[in-house]
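Residue numbers (this note's numbering), protein chains in the order written: chain L, 1 to 538; chain B, 1001 to 1097.
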């Protein structure tokens, strides 16, 4: 019977349950009835694992075939996308792309070679690696210091640069903006890095910006300091001496204006242009600019009751900025609410303030309209810890070393295995799935495993494994980027000790055991991570 | 005590150059001393104010050109300042705002 068992083992090692019962006794693993049932159970479990493994292998091959087919389809779609003209607005599908039907809800971000700026901004995008890609956006979505770009400037061109965490730097070639739509090209990025992209929108300031600038300038401490310095310098001086002080005030005003624009995310494309353009204009108009700042507290003086004209309390009225005051007072025409003694005085004061405000606006408009500004929108789009900005390197397989435990052999053995994934995956388990669906997260963790059990680690004196070598196969489950848990079967040729001088007939036959064990993926280590990896994320 | 100033301005009719300001007295009423500094030239005027009365106070000067004009009142924290071109003729830009 034992001999028959041995033959069955050799012929049917994928179904060892048929032969395992009697074989346990001569090998000395168990001799009592409980051990008999345990052994039976384990043998059957091994058999079931083998069957499951075969099914799994079959499914995996089917899945890989399906994935390959899907990839091919996607490549075709990408080809269609690539046919879109470079300067056509993003989101504008080619005429023949879908027959005039509404575009798909959302393109795949990293697979189409195009990333939406809004996704980048909200850190929902995983940037592709290993190939250039395009970022598309709309100026309406760009915010500079909390203000929409479209409220600050008429953007004409977008350019910029980027820096990656591995020290690479790149330049974004200037690209014209069509309407409000824009797109830029980014060069190849390295997988598993973070990148800071600095977009620069070039254009002219909108008229409304001047009002914001005036309001901020009047309350800027630097402007107050420049004004105080002017008063100290010009007090008691004749016109000739005062001119120097006014020139200094003008220069100080230009600096404050530049700073205020910077605070709004706007910088002159050529700072010298702004100074040469704005400096003389400010000097010519320093009178209304300075006087506007002096008129503010006088208008807000409660003694003159100008707050009554706009139905505000003195406290609220005194908190208004120059722009707000202008907005409130420009519609005032009825001064009859005020005492007769100050009606005319207040009317004159209000009219002069409004006139001074317009003069300052005109001055800024003249000084700024010919200067091109850069609206800089910097996106530090996370890093390895915060978000997966550049996609993790996509791997086809991994190479693991670890230790496995075989219950029946009562051995802990080292092993080396190749883990084959069911399509390319990202090693980082916290990375966003490459595709939606629950299956995707399973696919990115599970792998088929093949390898060798090498050497006993547990100090067993008489290993039953011939020449210490065994073939191992099974399934691996990644716990994180580096570590994995594997389980499966171990095939080996037996070396059984002689009992009472008689060598067991099972000696030298093929057997298998169940194993489980942890391992480390050495190809996840930085120096080796490009092994079994895709060179491009798409 | 002067409660506030308004509309500090200069005028030049071709013969006389003046600087004027509207001064508003508070409820106390008093004789107030207003000090003008018209570019390099100081001028002082003493004016009697009834309680809550407002008056336009005018001084003449001989300065010309653009510079800082300041008016203060003794005993009051109120000050009015403008950059004015005190030599400009009526209608010239810069004599009012």
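All C-beta atoms, glycine included, are put in the ideal place defined by N, C-alpha and C.
Residues that residue i contacts on chain L, provided the C-beta gap is smaller than 7 Å
i                      : result
residue 1070 (chain B) : 235
CB contact below 8 Å: residue i versus chain L
i                      : result
residue 1036 (chain B) : no
residue 1064 (chain B) : yes
residue 1007 (chain B) : yes
residue 1022 (chain B) : yes
residue 1077 (chain B) : no
Below-8 Å beta-carbon distance, residue i vs any chain B residue
i                     : result
residue 318 (chain L) : no
residue 594 (chain L) : The structure shown does not extend to residue 594 (chain L), since chain L is modelled only from 1 through 538, so no value can be given for it.
residue 214 (chain L) : no
residue 172 (chain L) : no
residue 231 (chain L) : yes
residue 133 (chain L) : no
residue 387 (chain L) : With a pLDDT of only 34 at residue 387 (chain L), under the threshold of 50, the placement of this residue in the model should not be trusted, and no figure is reported.
Chain-ordered chain B contacts of residue i [CB-CB under 8 Å]
i                     : result
residue 224 (chain L) : Within chain B, no residue comes near residue 224 (chain L); the closest Cβ sits about 13 Å away, beyond 8 Å.
Residues sharing a beta bridge with residue i, DSSP
i                      : result
residue 1041 (chain B) : B:1038
residue 411 (chain L)  : L:406
residue 1068 (chain B) : B:1083
residue 182 (chain L)  : L:137
residue 326 (chain L)  : DSSP lists no partner for residue 326 (chain L).
residue 474 (chain L)  : L:449, L:488
residue 306 (chain L)  : Partner(s): none; residue 306 (chain L) has no beta bridge.
residue 148 (chain L)  : L:143
residue 1019 (chain B) : B:1010, B:1059
residue 518 (chain L)  : L:485
residue 1030 (chain B) : B:1049
residue 494 (chain L)  : L:465
residue 398 (chain L)  : L:419
Residue i: contacting residues in chain L (beta-carbon distance under 9 Å)
i                      : result
residue 1040 (chain B) : 236, 237, 238, 239, 241, 242
Within chain B, partners of residue i - CB distance below 9 Å
i                     : result
residue 246 (chain L) : 1066, 1067, 1068, 1083
residue 199 (chain L) : Near residue 199 (chain L) there are no residues of chain B at all, since even the closest Cβ is about 41 Å away, more than 9 Å.
Contacts that residue i makes with chain L (C-beta to C-beta distance below 8 Å)
i                      : result
residue 1003 (chain B) : 301, 303
residue 1029 (chain B) : Residues of chain L passing the Cβ test: none, with the nearest at roughly 14 Å.
residue 1054 (chain B) : 341, 342, 345
Cβ-heavy atom distance, residue i to the ligand FAD, below 7 Å
i                     : result
residue 481 (chain L) : For the ligand FAD, the structure offers nothing, since it holds no ligand at all.
Count the CB pairs spanning the region 225 to 243 of chain L and the region 183 to 194 of chain L that are closer than 8 Å, and state whether there are at least three. no
Is it true that the region 113 to 120 of chain L meets the region 131 to 144 of chain L, where meeting means three or more beta-carbon pairs spaced less than 8 Å apart? yes
The region 335 to 350 of chain L: which residues have C-beta closer than 8 Å to a C-beta of chain B, in chain order? 341, 342, 345, 346, 348, 349
By the 7 Å beta-carbon criterion, what residues does the region 292 to 314 of chain L contribute toward chain B? 294, 298, 301, 303, 304
Kindly confirm or deny that the region 1036 to 1056 of chain B and the region 217 to 229 of chain L touch, where touching means at least three C-beta pairs closer than 8 Å. no
Does the region 269 to 279 of chain L come within contact of the region 288 to 301 of chain L, defined as at least 3 CB pairs closer than 8 Å? no
Any 3 or more C-beta pairs closer than 8 Å across the region 1040 to 1054 of chain B and the region 1015 to 1028 of chain B: Yes, since at least three Cβ pairs between the region 1040 to 1054 of chain B and the region 1015 to 1028 of chain B fall closer than 8 Å, the two stretches touch.
Can you confirm whether the region 175 to 188 of chain L touches the region 329 to 338 of chain L when touching is taken to mean that 3 or more C-beta pairs between the two stretches lie within less than 8 Å? no
Pairing CB atoms from the region 439 to 447 of chain L with CB atoms from the region 455 to 462 of chain L, are three or more of them under 8 Å? no
Contact between the region 1065 to 1084 of chain B and the region 221 to 241 of chain L is defined here as three or more beta-carbon pairs at a separation below 8 Å; is this criterion met? yes
Assess contact between the region 482 to 492 of chain L and the region 506 to 520 of chain L, defined as three or more Cβ pairs (one per stretch) separated by less than 8 Å. Is contact present? yes
Is it true that the region 194 to 202 of chain L meets the region 154 to 167 of chain L, where meeting means three or more beta-carbon pairs spaced less than 8 Å apart? yes
Across the region 338 to 345 of chain L and the region 249 to 262 of chain L, are there enough close Cβ pairs to call them in contact, namely three or more that are closer than 8 Å? no
Inter-stretch contact (C-beta, 8 Å, three-pair minimum) for the region 1079 to 1089 of chain B and the region 1006 to 1021 of chain B: yes
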